[in-house]
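K.L.:
The structure's right below; bear with me while I get my questions together.
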Amino acid sequence: MRRQLLVITGAVVAVALGAAPAALARAGDRTVSETYTVATALCAKTQSNTLPPRLASQAAAVTAACNTLSNGFPALVTAVDAAESTFLQTASQQKALVAAACARPVSNHPACRAARTTARGTIRAARLTEGAAISLFHAGVESNRTTFWTTIQTLRGSLTSTTSSSS
Numbered sequence: 368m369r370r371q372l373l374v375i376t377g378a379v380v381a382v383a384l385g386a387a388p389a390a391l392a393r394a395g396d397r398t399v400s401e402t403y404t405v406a407t408a409l410c411a412k413t414q415s416n417t418l419p420p421r422l423a424s425q426a427a428a429v430t431a432a433c434n435t436l437s438n439g440f441p442a443l444v445t446a447v448d449a450a451e452s453t454f455l456q457t458a459s460q461q462k463a464l465v466a467a468a469c470a471r472p473v474s475n476h477p478a479c480r481a482a483r484t485t486a487r488g489t490i491r492a493a494r495l496t497e498g499a500a501i502s503l504f505h506a507g508v509e510s511n512r513t514t515f516w517t518t519i520q521t522l523r524g525s526l527t528s529t530t531s532s533s534s
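The C-terminal position of the sequence shown is numbered 534 in my numbering, with every residue numbered one higher than the one before it.
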């Protein structure tokens, strides 16, 4: 019984470690096709002229929607990358200032304390700015996704209304 418990625990840990990198993916690390998997699959069907029958006559409009989706993504990635870069640079600078003010042996304790307090506040503000950029990234991704699928649904609906009105 104990051996089975150890085997099960080991399997659970192995699965958890295998899934961890995907769960820890940073905003902007994934490509367009990894972010919009179903949408890019539809876009690939447009390029290979294998669209579903309800969209086949709307290939140009689907291509335009695909281009809009893929062209909006790089700006989102650039913004989140810039925010992360700014955060890392700010944190590095603040840590260097603290290291300079608090060099061993510490000769000026009030200056060291002030440098640490300033560093904490500055790093906290930079982290909040980075968090806001990440939130904007996710909101932009969802907005682009919603716009794309709304366009596709409209194209499907316009085809249905066109065929029903011509009957």
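We put the beta carbon where it would ideally sit given N, CA and C, even for glycine.
None of the values given here were measured: they were computed from a predicted structure.
Less than 8 Å separating the beta-carbons of leucine 436 and alanine 478?
P.N.:
Here residue 436 refers to the residue found at position 69 of the sequence shown. Here residue 478 refers to the residue found at position 111 of the sequence shown. Not a contact, by the Cβ cut-off of 8 Å.
K.L.:
For the alpha helix (DSSP H) containing proline 420, name the first residue and the last one.
P.N.:
As a first step, residue 420 is located in the sequence shown; it is residue number 53 there, counting from the start. Taken as a continuous stretch (DSSP letters only), the alpha helix (DSSP H) holding proline 420 covers 420-423.
K.L.:
Where does alanine 449 sit, in a helix, a strand or coil, going by DSSP?
P.N.:
Residue numbering aside, residue 449 sits at position 82 when the sequence shown is read from its first letter. Three-state DSSP puts alanine 449 in a helix.
K.L.:
Go through its chain and collect everything with a Cβ distance to isoleucine 490's Cβ below 6 Å, but skip five positions before and after it.
P.N.:
Indexing the sequence shown from 1 puts residue 490 at position 123. Taken in chain order, the residues that qualify are Ala458 and Gln461.
K.L.:
For alanine 481 and phenylalanine 504, what's the separation of their Cα atoms in angstroms?
P.N.:
If you number the sequence shown from 1, residue 481 lands on position 114. If you number the sequence shown from 1, residue 504 lands on position 137. Their Cα atoms are separated by approximately 35 Å.
K.L.:
Over what stretch of residues does the alpha helix (DSSP H) that includes threonine 407 continue unbroken?
P.N.:
As a working note, residue 407 is residue 40 in the sequence shown. It spans 404-414 - the alpha helix (DSSP H) in which threonine 407 sits, taken as one unbroken run.
K.L.:
Please identify the residue among Ala432, Ala468, Ala427 and Thr484 whose C-alpha is closest to the C-alpha of arginine 512.
P.N.:
For the purposes of this step, residue 512 is taken as the residue at position 145 of the sequence shown. Of the candidates Ala432, Ala468, Ala427 and Thr484, the one whose C-alpha sits nearest the C-alpha of arginine 512 is Ala432.
K.L.:
With DSSP run on the structure shown, which of helix, strand or coil describes arginine 483?
P.N.:
Sequence index remark: in the sequence shown, residue 483 carries index 116 (1-based). Note: arginine 483 maps to helix in three-state DSSP.
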